[in-house]
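In terms of the working numbering, the sequence shown opens at residue 19 and continues consecutively.
Remarks on the structure that follows.
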Amino acid sequence: GNLTHADAPGSVLDTDRYGAGLSEQYTRSLGNWGNLQLGYAGGLDREERSATGSVLDVLDEAHTLTDGSLVFLTQPFVVDASIRVTDQTGTILYLRDLDYVVISQGALTEIRRVPGGTIPNGATVLVDYSAVLDPSASYTSYANSGQFRLDLWKGLLGLYGHWTTLDFSGGEQLNLRWMDDRTVGLDSTWRWLRVGAEYQIVDSNLSPYTRQRCFQSAQFRPAEFTLLGLDLDQSWTDFRDSGRKQTSYGATARLQQRLTPTLAWSAEGGIRMERGETFDADHASARTELNWAVGKLTLKFGYEYGSESHP
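Following this line, the structure appears as structure tokens:
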């Protein structure tokens with residue numbers, strides 16, 4: 019459980035949240051030809067909130083970003099440009115499109131780590147943002163999720179899927195989003211190349227959609243102390259309630275170079291283009307860093323760049 023108090027000029031939110039959860043993971047080796055993983059997580063939560071005002075600034079909201087799991091910011095109607103993501107200590111500022119992506123899902127906002135970025139899989143991050151404030155209410159939420167993954171022939175072929183449900187009782191005056199999310203996919207890893215595709219169906223009272231997604235990544239060493247990487251992804255989303263379609267294309271390139279035993283240099287940059295009937299956006303991000311380390315002493319010097327345009 020937790021108690022939260024947040025206030026901004028003209029707005030106050032007090033939240034009492036408590037509940038219980040259960041999770042199980044199962045892994046089994048299938049001899050020389052495969053490996054099977056199964057998982058389940060469920061939770062029952064009660065939330066009582068007292069709110070006044072219209073706009074709320076949320077600070078240090080904790081989320082765990084794990085590949086294959088949906089993560090939404092707690093408050094609906096988030097101001098997209100206000101989102102800021104750091105590590106648990108608040109000292110490392112992550113860069114949008116290089117470390118994470120933000121995806122609008124109707125009234126809610128999904129946040130997802132970028133594989134190959136500086137956010138480790140399963141890491142907890144802190145998110146700051148502003149949102150339009152919902153009224154006071156009390157409600158109970160019910161969440162269930164299951165997942166599986168079958169790897170064959172040492173990763174040459176992988177089959178995976180996950181299923182997530184979220185439902186509520188009470189809170190009729192809020193913009194609560196019940197959801198039934200089903201995703202299946204396959205991927206293949208051969209030497210330095212990984213490719214995959216997945217299909218997702220999300221039934222919901224807010225912006226139900228279907229999505230097809232493809233991804234490709236390559237990572238190789240042209241020299242002993244040089245590492246090159248390239249990540250590509252494409253997605254096509256169909257919002258079934260409005261008939262609106264949205265496409266997204268992303269590309270990220272990375273370079274890591276060891277200059278001396280104590281000095282390393284890294285550089286990465288990426289672009290993302292989103293096109294839809296009511297929303298077009300272009301994102302560009304770049305980062306370079308020198309890292310000098312001797313014993314327990316580490317010094318970093320870097321530069322980051324980010325831009326967003328709406329053609």
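Here a beta-carbon is modelled for each residue, glycine too, at the ideal position from N, C-alpha and C.
Go ahead and pull the three-state DSSP assignment for residue i.
i: Ser-159; result: strand
i: Asp-78; result: strand
i: Ser-253; result: strand
i: Asp-98; result: helix
i: Lys-172; result: coil
i: Asp-85; result: coil
i: Leu-31; result: strand
i: Arg-258; result: coil
i: Pro-153; result: coil
i: Ile-110; result: coil
i: Gln-165; result: strand
i: Glu-128; result: strand
i: Leu-317; result: strand
i: Asp-117; result: coil
i: Thr-45; result: strand
i: Thr-183; result: strand
i: Thr-104; result: strand
i: Gly-134; result: coil
i: Leu-245; result: strand
What is the residue span of the beta strand (DSSP E) that residue i lies within?
i: Lys-263; result: 262 to 276
i: Tyr-58; result: 52 to 70
i: Tyr-217; result: 211 to 222
i: His-328; result: From DSSP, His-328 is part of no beta strand (DSSP E); its letter is neither H nor E.
i: Asn-139; result: Here Asn-139 belongs to no beta strand (DSSP E), and DSSP marks it neither H nor E.
i: Val-202; result: 197 to 208
i: Glu-307; result: 298 to 312
i: Gly-288; result: 281 to 294
i: Asp-25; result: 20 to 26
i: Pro-240; result: 227 to 241
Which term fits residue i, buried or exposed, when burial requires 16 or more other beta carbons within 10 angstroms of its beta carbon?
i: Gln-165; result: buried
i: Asp-259; result: exposed
i: Glu-242; result: exposed
i: Leu-151; result: buried
i: Val-220; result: buried
i: Gly-313; result: exposed
i: Ser-325; result: exposed
i: Arg-156; result: In the sequence on display, residue 156 carries Ser and not Arg. Counting Cβ neighbours within 10 Å, Ser-156 comes out exposed, since fewer than 16 surround it.
i: Arg-209; result: exposed
i: Gln-93; result: buried
i: Arg-272; result: buried
i: Gly-288; result: buried
i: Thr-296; result: exposed
i: Asp-251; result: buried
Residues in the same chain with beta-carbon distance under 6 Å from residue i, minus the five sequence neighbours each way, listed in chain order, please.
i: Gly-173; result: Thr-207
i: Phe-319; result: Leu-308
i: Tyr-44; result: Leu-56
i: Arg-131; result: Leu-83, Tyr-118, Ile-137
i: Gln-275; result: Thr-244, Trp-283
i: Asp-249; result: Gly-134, Ser-235, Thr-270
i: Leu-177; result: Leu-168, Leu-204
Residue i and residue j look like a contact to me (Cβ under 8 Å); what is the Cβ gap, rounded to whole Å?
i: Leu-91; j: Tyr-147; result: 6 Å
i: Val-143; j: Thr-104; result: 7 Å
i: Gly-214; j: Lys-263; result: That belief does not hold up - the Cβ atoms of Gly-214 and Lys-263 are roughly 22 Å apart, past 8 Å.
i: Leu-184; j: Ser-159; result: 7 Å
i: Val-89; j: Glu-128; result: 7 Å
If I measure Cβ to Cβ from residue i and keep anything under 7 Å in the same chain, skipping five residues before and after, which residues do I get?
i: Arg-46; result: Leu-54
i: Pro-329; result: Asp-298, Asp-300
i: Leu-277; result: Trp-283
i: Trp-51; result: Leu-170, Trp-171
i: Glu-66; result: Asp-34, Ser-156
So that I know if they touch, is there some Cβ in chain C lying closer than 9 Å to that of residue i?
i: Ser-266; result: The structure shown contains no chain C; it is built from a single protein chain.
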